[in-house]
Structure formats: structure tokens, C-alpha cells
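>
Protein chains in written order, with the numbering used here: chain A, 1 to 114; chain B, 1 to 114.
If you want it as C-alpha cells, here you go:
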């Protein structure tokens, strides 16, 4: 079945450091891929998405490219800020029988120190 | 536009009591999802509805949990009787009918069973 694997955290970085959070997936068909962010005490918010191979999603300085050949959707940011401290979830649309459902990774906690 | 609205934001009750969590999805969204999030188990899908009909309830932990969606603008998740291990943050999310749509999350209900 479809699944998402993302790097385990926590990840601790200094302000202005480069960020990569790895995400790989297993899927049948042609799913869409998403990154969600969860700030403390809040629900998950859509950060960016990509709907087909080689698409690049971007938002708030974050980027991720849909790589079908490596089944990956790694999240990157060139210079993180303290305000980026949150939990990040990779997800894919369940393009099989459960249309509408998303398959989420376990989440990666990011802490950015000043 | 109003987002997904959940109530209450916090609930503290004693073991054995009935708990009812409420959700109002975004108008025009056809899918509604209930999730549970804990430190130990992460984000778990409990049940989801399409056009008010339950599609997959395989994530509902046991018969003490039930969910209803009497109309397109309201859903409830009920726990009866509640137990301390039900303590978690419960999220509701909704999305459009079209394929590969992102889910929009509410701010969650933080439930503590004493």
C-alpha cells in the first residue's frame, strides 16, 4: 500500500542555517505530494504541494521538488528562522481506493535556536 | 473564509464520562476527517466521511468511539465511556471532492481524561 517515510527528528539548527527534511514515498498511480507544518498548539497547515513529477512546490522560503525517479519530496529552506520551529509532516494523496484520504508521515520536529 | 471550526478547544473530564467533540467543516467541502494525535502514536486517522457518509472507520480504536455527520456542516465524535488513555488532541479536517486536494485542519480539541 501507499506509505510515506520521513526522517526522524528532532532536528536542531541555528538561525540562518540550511534545512533539509527528507521524505520518500511508496505509491501506486500518480499521487500528489504535500508538506504540512504544525506550530505549537495549532492544527496542521498546508505549507506546499506538488501534483506531478518534476513540479516544485514553494511557500514562505520553503521548497520541495516531486522526484518520481527517486520517489522523494525533500523539504528545503536556505535560511531558517526561529519562527520556523514546528513539526513538519510529509503526505501523499491516496490515489488508490481511498480517494480524498492523505497518507501522512510521522512528522519531523524542527527547533531553530537564535 | 472561515476555516474548520472545532469545539471545545479544551476538555477535561473524569473517566467514565461521555465526551462529545464537534466540528464544522469548511462550506463546500465534501470530505470530513477525524484524527487523533498523541506523542506516542503520532497522527492517526480515525474515520472519514464523504458527502456525510462514513467511508472508512477502520481507525476507530474500539466501540467506545462513534462518529456521526448528520448534515454537510456538522460532525461529532463521541467517546462513551471515556478512559484516561483517550487523552489526546483530536483534529477535524475537511477537503473538496476533486482528486488530490489538500486537507484543511481545525485547531483541535485537547482532551484530558482524569
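Beta carbons are placed, not taken as given, at the ideal position from N, Cα and C, and that holds for glycine.
None of these values were measured; they are calculated from a predicted model.
#1: Rounding to the nearest angstrom, what Cα-Cα distance links residue 44/A and residue 16/B in this structure?
#2: Tell me where the beta strand (DSSP E) around residue 60/B begins and ends.
#3: The beta strand (DSSP E) spanning residue 68/B covers which residue range?
#4: What does residue 42/A reach in chain B if we use C-beta pairs closer than 9 Å?
#5: CA-CA distance, residue 14/A and residue 111/A?
#6: How would you write the range of the beta strand (DSSP E) that residue 38/B sits in, first residue to last?
#7: Rounded to the nearest angstrom, what separates residue 97/A and residue 48/B at their Cα positions?
#8: Does any CB atom of chain A fall closer than 8 Å to the CB of residue 102/B?
#9: Straight-line CA distance for residue 84/B to residue 69/A?
#10: Would residue 73/A be called buried (16 or more neighbouring beta carbons within 10 Å of its own) or exposed?
#11: Output the distance between the C-alpha atoms of residue 8/A and residue 108/A, rounded to the nearest integer angstrom.
#12: Give me, in chain order, the residues of the same chain whose beta-carbon lies closer than 8 Å to that of residue 10/A; leave out the 5 immediate sequence neighbours on both sides.
#13: Which residues share a DSSP beta bridge with residue 56/B?
#14: Report the neighbours of residue 85/A on chain B: residues whose CB is nearer than 8 Å to its CB, in chain order.
#15: Does any CB atom of chain A fall closer than 8 Å to the CB of residue 65/B?
#16: Would residue 89/A be called buried (16 or more neighbouring beta carbons within 10 Å of its own) or exposed?
#17: Quick check on the DSSP output: the beta strand (DSSP E) that includes residue 13/A runs from which residue to which?
#18: If you draw a straight line from the C-alpha of residue 97/B to the C-alpha of residue 51/B, how long is it?
#19: What separation, rounded to the nearest whole angstrom, lies between the Cα atoms of residue 36/A and residue 4/B?
#20: Which term fits residue 8/B, buried or exposed, when burial requires 16 or more other beta carbons within 10 angstroms of its beta carbon?
#21: Start and end of the beta strand (DSSP E) containing residue 21/A?
#22: Within 8 Å of any Cβ in chain A, is that where the Cβ of residue 114/B sits?
The structure says:
#1: 30 Å
#2: No beta strand (DSSP E) holds residue 60/B; DSSP gives it neither H nor E.
#3: 65-71
#4: 105, 107, 108
#5: 8 Å
#6: 31-38
#7: For residue 97/A, the pLDDT reaches just 48, beneath the cut-off of 50, and the residue's location in the model is therefore unreliable, although a value from the coordinates is still provided. Those two C-alpha atoms are separated by around 13 Å.
#8: yes
#9: 46 Å
#10: buried
#11: 6 Å
#12: 108, 109, 110, 111
#13: 48/B
#14: In chain order: nothing, as chain B lies at least about 17 Å away.
#15: no
#16: buried
#17: 11-14
#18: 9 Å
#19: 16 Å
#20: exposed
#21: 19-21
#22: no
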